[in-house]
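Participant: Numbering (my numbering), first residue to last: 236 to 707.
A virtual CB, placed ideally from N, CA and C, is assigned to each residue, including glycine.
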């Protein structure tokens, strides 16, 4: 692990909870860019799948699944002031771990706000409380303004996380390219004013994964290029999206939250059953799944102007995801099983033979039409950059590393989201691991090429209405 720039010297203990796809991929990055010894790290894993990777790096890995009745007993003796809890688990309550870290004075970072096991599908819990909206509100409620407590970074992987920084860079690029007068934004409201001035109505987190493994998916098997359990959990949650002020057609099966930021709505159907039209430079137009993600809510919230119930401006924001082809087949099979997960699970990594992950943000409604800005990372580039990663996981692990370093350098910022972090600093640390980072303009809209085969009821005067993003 020599020859890499050390961004920070860390003196405490780093406790990593979860050691699956992201945990194994981020460990070499942490040791590359943070000056710390392997014996400062302890991994607490639900199983021994990553044991060989931990041993290769000289890191202790203990197999102890965290549950609601044992997490304090396991973690309290391992965490102290200015230590770091890196939560990369599934089915472990993020809010519970954040509360523990706030008590102990320890730093915290996760890539997704999780409930305890079963929380996503607990029929005794109202549907609106099983949403990412509700999980986010519970997490940000732990903030105490003026407290200057230990830094807890919420949801900082690729998306949510990296894409919030992509959006800020994309807004600056569009402003410059359209000749829009602006002062460089320094506040949350200033970023929202810039998006409003540019006419941005809709933002997609548009992702197309084309990675292919040697062995194709078998019946009864769920295959993915990152966590299977994580994808099934979020795919079976209600579809969610930030709800823009320009929208005039409320979906018939949608629900609103009567509390919190009011920035998003949810649909009474799984995200993995809801397809939307989107676009990326290499893939072109395609159908993605409207999978719920925290960034759809946080970005829409952070770009809101005015009263939260009757805002002056807010964009519609959602994730539009086309996973690798074997994962698409897995989702179709999952739906046919009435959303009961397959018995067999396989994460593609070393067996991938080709493909890229094209992940970025698509800003629409401004004078130049549509603008996609993001990462085009191939499996070949990935293997030259960092071991134990697919292209998909490296787009997650690099932002985890970057945000962890930022938190270590800024240890008293309380509970923060990706949108609160300095975007240029984070992008600078991530960029060496993102392959080709590009910005591309397009004249694509959700209506482009529609209606030639069958007549459709489309409002061609306003292509950004939700009815044009309906199930297809």
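Going straight from the alpha carbon of residue 707 to that of residue 279, what length do you get?
Facilitator: At residue 707 the pLDDT is 45, less than 50, meaning the model places this residue with poor confidence; the figure from the coordinates comes in the next sentence. For residue 707 and residue 279, the distance between alpha carbons rounds to 42 Å.
Participant: Mapping the DSSP letters down to three states, classify residue 496 as helix, strand or coil.
Facilitator: coil
Participant: Over what stretch of residues does the beta strand (DSSP E) that includes residue 613 continue unbroken?
Facilitator: 604-613
Participant: Taking contact to mean 3 or more Cβ pairs, one atom from each stretch, closer than 8 Å, check whether the segment 562-578 and the segment 416-424 are in contact.
Facilitator: no
Participant: Using the C-alpha atoms, what's the distance from residue 455 back to residue 568?
Facilitator: 8 Å
Participant: By alpha-carbon positions, which one of 380, 681, 437 and 385 ends up nearest to residue 402?
Facilitator: For the options 380, 681, 437 and 385, the alpha carbon positioned closest to that of residue 402 is the one of 437.
Participant: Going straight from the alpha carbon of residue 336 to that of residue 343, what length do you get?
Facilitator: 7 Å
Participant: Under 9 Å, Cβ to Cβ, is there at least one residue of chain B near residue 579?
Facilitator: Any reference to chain B falls outside this structure, which holds one protein chain only.
Participant: Return helix, strand or coil for residue 453, following the three-state DSSP convention.
Facilitator: Of the three classes helix, strand and coil, the one that applies to residue 453 here is coil, per DSSP.
Participant: Indicate whether the contact test is met: 3 or more Cβ pairs, each with one atom in the segment 672-683 and one in the segment 598-609, closer than 8 Å.
Facilitator: yes
Participant: So what's residue 703 in DSSP terms, helix, strand or just coil?
Facilitator: A caution first: residue 703 carries a pLDDT of 42, below 50, which makes its placement in the model unreliable, though a value can still be read off. Residue 703 falls in the helix class under three-state DSSP.
Participant: Using three-state DSSP, classify residue 336 as helix, strand or coil.
Facilitator: Note: residue 336 maps to helix in three-state DSSP.
Participant: Which full runs of the beta strand (DSSP E) of 3+ residues lie inside the segment 251-311, going along the chain?
Facilitator: 276-280 and 295-298
Participant: At which residue ranges does the segment 375-433 contain complete alpha helix (DSSP H) runs of 4 or more residues, listed in the order of the chain?
Facilitator: Counting only runs of 4 or more, we get 397-413 and 423-433.
Participant: From the DSSP output, which residues share a beta bridge with residue 475?
Facilitator: 501
Participant: Which one of 550, 520 and 639 has the shortest CA to CA distance from residue 429?
Facilitator: 550
Participant: Using CA atoms only, rank isn't needed, just tell me which of 357, 535, 681 and 350 is closest to residue 395.
Facilitator: 535
Participant: Who are the near neighbours of residue 507 in its chain, counting only those whose CB is closer than 6 Å to its CB and skipping five residues on each side?
Facilitator: 470, 524 and 566
Participant: Among the candidates 504, 420 and 588, whose CA atom is the shortest distance from the CA of residue 570?
Facilitator: 504
Participant: Does residue 701 pass the burial test, meaning 16 or more other C-beta atoms within 10 Å, or should it be called exposed?
Facilitator: Bear in mind that a pLDDT of 44 at residue 701, under 50, signals an unreliable position, so the model cannot answer this.
Participant: Please determine, among 386, 331, 243 and 327, the residue with the shortest C-alpha to C-alpha distance to residue 646.
Facilitator: 386
Participant: Along the chain, where does the alpha helix (DSSP H) containing residue 532 start, and where does it finish?
Facilitator: 529-537
Participant: Ignore the nearest five residues each way along the sequence and tell me which others in residue 423's own chain have a CB closer than 6 Å to its CB.
Facilitator: 537.
Participant: With a threshold of 16 other CB atoms inside 10 Å of the CB of residue 250, please say whether the residue is buried or exposed.
Facilitator: buried
Participant: With a CB to CB cut of under 6 Å and the five nearest residues on each side skipped, what residues in its chain are close to residue 255?
Facilitator: Same-chain partners within the cutoff: 462.
Participant: Using DSSP with H/G/I as helix, E/B as strand and the rest coil, what is residue 565?
Facilitator: helix
Participant: If we ignore side chains and look at the alpha-carbon of each, how far apart do residue 298 and residue 304 end up?
Facilitator: 16 Å
Participant: Excluding the five sequence neighbours on either side, which residues of its own chain have a C-beta within less than 8 Å of the C-beta of residue 678, listed in chain order?
Facilitator: 604 and 605, listed in sequence order.
Participant: Given residue 293, which residues of its chain have a CB within under 6 Å of its CB, disregarding the five upstream and five downstream residues?
Facilitator: For residue 293, where only same-chain residues beyond five positions count, the Cβ hits under 6 Å are 273.
Participant: Distance check for residue 595 and residue 630, CA to CA, integer angstroms please.
Facilitator: The C-alpha of residue 630 lies about 11 Å from the C-alpha of residue 595.
Participant: Which class does residue 466 belong to by DSSP, given the choice of helix, strand or coil?
Facilitator: helix
Participant: First and last residue of the alpha helix (DSSP H) that includes residue 635?
Facilitator: 626-644
Participant: Give me the Cα-Cα distance between residue 277 and residue 329, rounded to the nearest whole angstrom.
Facilitator: Roughly 19 Å separates the two Cα atoms.
Participant: Between residue 281 and residue 324, which are expected to be in contact by the criterion C-beta below 8 Å, what is the C-beta distance as a whole number of angstroms?
Facilitator: 7 Å
Participant: Going by other Cβ atoms of all chains shown within 10 Å of its Cβ, with 16 needed for buried, is residue 270 buried or exposed?
Facilitator: exposed
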